[in-house]
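Visitor: Everything in the sequence shown is counted per my numbering, starting at 866 for the first residue and increasing by one.
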Amino acid sequence: METVILAAGKGTRMKSKLPKVLHKVCGKEMLQHVIDAAKSAGSTREVVIIGNGAELVKEKISDVEFVLQAEQLGTGHAVLCAKNNFENSTGTLMILCGDTPLIDGELLKKFSAAHENSNAAATVLTAEMPDATGYGRIIRESDGSLKKIVEHKDATDEEKKISEVNAGIYCFDVKKLFDALTKVKNDNAQGEYYLPDVLTILKSAGEKISAYTAEDYTQTLGINSRVQLAEAEKILRQKKNISLMESGVTIIDPATTFIDSEVEVGQDTIIYPNTFIEGKTKIGENCSIGPNSRFFDMIVGDNVQAQFCYCHESEICNDVILGPYVHIRPGSKIFPKVKIGNFVEVKNSNIGEGSKLPHLQYLGDTDMGSGCNIGCGTITVNYDGKKKFRTTIGDNVFVGCNSNLVAPVTLENNSYVGAGSTITENVPEKNLAIARARQKNITGWKDKRN
Ligand code: UD1
Ligand code: CA
């Protein structure tokens, strides 16, 4: 089975500068959802019709073929643009729309199997929509067989009452499809070449056309507006949460837990409310994540505890404790058993095993060994206004409170820094560095002042 995915339309109703099919649902482009569903249903080749924002679509989407529909003259015209790509094809061509992101591979598999078993030239996927506004309606003959599809804008008041809609998903005999497509006309309310008209053309040529109804209408929802986008997001999020719970993850409050499609979470991890787990994040087993946390493109090991944290594009190893109020910024690796908490920012740094950053630190561009204890208020001074420099800290280093480490600088293994120091030179192994003015007590100062 080969697949064509229609993604050239303007998406006028989205009121967006971004092509509609690149809007994300649960962190993944609508078009990518559809491509993934096609691949998982067994499609061996995906041809995506692009037009509006074509360059952007090509940038974001990979592992498919693209065909340009320079002018968007309708869904039928869009498919016709790919005619040459299928010259040597035989068998089933599945057609999908880039704006139905909730469709899954299981349904497409059943649907295409039903088509192939029916010997029909064309099969359309239909659904009973609670609100059919905007969709093409399925008109059936008195014997229940498929008669035709009427677009909402072309439908009579009587036809608009029909709740069975065209999902915009079809299986065709590829040869018969392209023969019939050349006969589609644009004499309708929108002046467009409608793909669904192919069905009537095939039918009048004596071919069998058939309809397959999806059990779960939500899978066939088409996204034309931001309101529908939010509805799709909610449905998919619920499904994601349910599938994680079914695989052994505890989600305290699914209504306030936002987990993207591609995220993986291990067994017995507990997710607390108001938590966002986004992008390609992978979280291990037995973790406790949240409340009020956001993870984006993170790799997280097992037994990690993180509350009130924002962590992105970094790695956190096993048995780390984070939070409250920790910001882990891109390019960081937090090694096992590290503790970071209470208003700490770490950027582009390696924090070695068992090291402690307990409160109020900024560590940027730092390579820290294991077993270090970094005092409250320590800051790496990594930027001279033009360039960034790295700070190197060995193993078992102790930095006293409120110290500045002016990079580039190295604190060797087992070295110490006295509280309140501004360190500008390397500290050798086992040395204590103190870099602050000596205290002076002035006897009787108050009496003299009066
Ligand atoms: C279409 C169907 C309608 C169905 C609905 C399901 C037609 C005429 N109507 O309506 O029966 O109920 O989908 O969601 O097919 N596109 C192109 N080139 C074009 C026009 C559209 O690539 O020239 C693409 C769009 O990018 C979109 C898809 O085709 O991904 C569907 O187009 P859209 O305008 O959203 O069609 P609907 O009005 O939703
Ligand atoms: Ca649509």
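For each residue, glycine too, the CB sits at the ideal point set by N, CA and C.
If we ignore side chains and look at the alpha-carbon of each, how far apart do Pro-1061 and Asp-1081 end up?
Guide: 22 Å
Visitor: Within the region 1008-1082, note down every full beta strand (DSSP E) run reaching 3 residues or more, in order along the chain.
Guide: 1011-1015, 1029-1038 and 1074-1078
Visitor: Starting from the Cα of Arg-1273, find the closest Cα among Gly-1285, Phe-1254, Val-1030 and Leu-1222 and give me that residue.
Guide: The sequence as given places Pro at residue 1273; Arg does not occur at that position. Considering only alpha carbons, the answer is Phe-1254.
Visitor: I believe Ser-1235 touches Ser-1214 by the beta-carbon criterion, under 8 Å. Please report the beta-carbon distance rounded to the nearest angstrom.
Guide: About 14 Å separates the two Cβ atoms, so there is no contact after all.
Visitor: How is the beta strand (DSSP E) around Phe-1160 delimited, first residue to last?
Guide: 1158-1161
Visitor: Could you check if Pro-1293 is buried or exposed, using at least 16 other CB atoms within 10 Å of its CB as the buried criterion?
Guide: exposed
Visitor: Measure the alpha-carbon distance for Lys-1073 versus Asp-1008 and round it to whole angstroms.
Guide: Between Lys-1073 and Asp-1008, the C-alpha separation is close to 14 Å.
Visitor: Nearer than 7 Å: is that true of the beta carbon of Pro-1189 relative to any heavy atom of ligand 1?
Guide: Result no, Cβ not under 7 Å from ligand 1.
Visitor: Leaving out the 5 sequence neighbours to the left and right, which residues in its chain are closer than 7 Å to Gly-1033 when beta-carbon positions are compared?
Guide: Cys-962, Thr-965 and Gly-1087
Visitor: Assess, as a yes-or-no matter, whether the region 987-999 is touched by the region 894-906 under the definition of 3 or more beta carbon pairs within less than 8 Å.
Guide: no
Visitor: Could you tell me if the beta carbon of Gly-1001 falls within a distance shorter than 7 Å of some heavy atom in ligand 2?
Guide: With a cut-off of 7 Å, the C-beta of Gly-1001 is classified as distant from ligand 2, since no heavy atom of the ligand falls inside that distance.
Visitor: Are three or more beta carbon pairs between the region 995-1003 and the region 935-950 nearer than 8 Å?
Guide: no
Visitor: Within the present structure, is the beta-carbon of Cys-1036 separated from the nearest heavy atom of ligand 1 by less than 7 Å?
Guide: no
Visitor: Using a threshold of 7 Å, is the CB atom of Asp-1230 nearer than that to any non-hydrogen atom of ligand 2?
Guide: no
Visitor: Entirely within the region 939-1014 and at least 4 residues each: give me those alpha helix (DSSP H) ranges in chain order.
Guide: If we require 4 residues or more, the alpha helix (DSSP H) runs fully inside the region 939-1014 come out as 940-945 and 970-983.
Visitor: Hey, which unbroken runs of the beta strand (DSSP E) at 3 residues or more fall wholly within the region 1088-1147?
Guide: 1122-1124 and 1140-1143
Visitor: Say the cut is 7 Å; is the CB of Glu-1016 nearer than that to a heavy atom of ligand 1?
Guide: Yes - ligand 1 has a heavy atom lying nearer than 7 Å to the Cβ of Glu-1016.
Visitor: Do Gly-1265 and Gly-1250 have their CB atoms nearer than 8 Å?
Guide: Result no, Cβ atoms of Gly-1265 and Gly-1250 do not sit closer than 8 Å.
Visitor: Can you give me the C-alpha to C-alpha distance between Asp-969 and Lys-1252, rounded to a whole angstrom?
Guide: 49 Å
Visitor: Would you identify the three-state DSSP class for Val-912, choosing helix, strand or coil?
Guide: strand
Visitor: Please find out if some non-hydrogen atom of ligand 2 comes closer than 7 Å to the beta-carbon of Cys-1237.
Guide: no
Visitor: Any chance the CB of Asn-1089 is under 7 Å from a heavy atom of ligand 2?
Guide: yes
Visitor: Quick check: the region 1020-1037 against the region 905-918, are at least 3 beta-carbon pairs closer than 8 Å?
Guide: no
Visitor: Return the Cβ separation of Asp-1260 and Gly-1217 in integer angstroms, given the expectation that the two are a contact with Cβ distance under 8 Å.
Guide: 7 Å
Visitor: State the Cα-Cα distance for the pair Thr-1289 and Val-1271, rounded to the nearest angstrom.
Guide: 5 Å
Visitor: Between Leu-1356 and Leu-887, which are expected to be in contact by the criterion C-beta below 8 Å, what is the C-beta distance as a whole number of angstroms?
Guide: What is shown of the chain runs 866 to 1315, which leaves residue 1356 out entirely.
Visitor: Between the alpha carbons of Ile-1181 and Thr-1134, how many angstroms are there, rounded?
Guide: Computed Cα separation, rounded: 15 Å.
Visitor: Please tell me whether, using a cut-off of 7 Å, the distance from the CB of Cys-1182 to the nearest non-hydrogen atom of ligand 2 is below it.
Guide: no
Visitor: Any heavy atom of ligand 1 within a distance shorter than 7 Å of the CB on Asn-1031?
Guide: yes
Visitor: Assuming Gly-1229 and Lys-1204 are in contact, meaning their beta carbons sit under 8 Å apart, how far apart are those beta carbons, in whole angstroms?
Guide: That belief does not hold up - the Cβ atoms of Gly-1229 and Lys-1204 are roughly 19 Å apart, past 8 Å.
Visitor: Identify whether Ile-879 lies in helix, strand or coil by the three-state DSSP scheme.
Guide: Residue identity check: residue 879 is Met in the sequence provided, not Ile. Looking at Met-879 - three-state DSSP - the assignment turns out to be helix.
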